[in-house]
Amino acid sequence: MAARPKFAFYYAGWANLQAKYSAYFYIAGALISLWYPNKLLAIANLVIGAFILALEWPLPQLKAMPFLGDNYYFRTLLYLGFVVPGMVQAATHTSALCLACAALTYLRAAVNGEPDPPKPAKDAAGGGGGGGRK
């Protein structure tokens with residue numbers, strides 16, 4: 001693998017934020033949708049929003065399942081599947097479109113071969129900062 005430039009842009013961090021915000025939108029839209037005729041779909045969208053937050057937040061329980069946390073192709077397909085129920089109700093359209101953007105950004109991160117999370121480069125001396133005198 002070729003060395004990345006010093007100030008490379010990592011798409012995975014951007015996709016992570018997009019997915020978190022879309023999860024918040026899913027939850028808000030699902031709470032609004034509870035007054036619409038299809039309450040079962042509103043509850044499903046509420047569960048989807050909570051699941052996205054659990055997947056995107058760095059929880060120690062999910063670190064035991066590296067396939068969920070490290071595989072960007074899996075997240076892309078999962079999030080594109082979550083877009084479908086979000087597009088059915090008007091209150092969750094925005095969240096579904098944001099999640100589609102997050103899925104496409106995760107696809108870009110997967111194609112680029114980005115690590116999860118991006119590892120910061122250490123300096124030539126092998127130090128990690130510290131700022132103390134020797």
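Numbering (the working numbering), first residue to last: 1 to 134. The C-beta atom is built at its ideal place from N, Cα and C for all residues, glycine as well.
(Q) Looking only at its chain, what residues have a beta carbon closer than 6 Å to the beta carbon of Gly-132, apart from the 5 residues adjacent to it on each side? (A) Its pLDDT being 48, under 50, Gly-132 is placed unreliably by the model, and the measurement read from it follows with that caveat. Result list for Gly-132: empty, nothing under 6 Å.
Q: Please say whether Leu-99 and Phe-74 have beta carbons closer to each other than 8 Å?
A: Going by beta carbons, Phe-74 and Leu-99 fall outside the 8 Å limit.
Q.
Would Ala-102 and Ala-19 be called neighbours here (beta carbons separated by less than 8 Å)?
A. Contact flag set, yes.
Q. Any idea what DSSP makes of Phe-74, helix, strand or coil?
A. In this structure, Phe-74 counts as helix in the three-state DSSP scheme.
Q: Round the Cβ separation of Leu-40 and Val-88 to the nearest angstrom and send it over; I've been treating them as touching at under 8 Å.
A: With a beta-carbon spacing of about 11 Å, Leu-40 and Val-88 fall beyond the 8 Å limit used to define contacts.
Q: Check Gln-145 in the structure and name its three-state DSSP category.
A: Since the displayed the chain opens at 1 and closes at 134, residue 145 lies outside it and no answer follows.
**Q.** Pair within 8 Å by beta-carbon distance, Ile-43 and Ser-22
**A.** No, the Cβ-Cβ distance between Ile-43 and Ser-22 is not below 8 Å.
Q.
Going by C-alpha to C-alpha distance, which of Asn-45, Val-47, Asp-70 sits closest to Tyr-106?
A. For Tyr-106, the closest of Asn-45, Val-47, Asp-70 by C-alpha to C-alpha distance is Asp-70.
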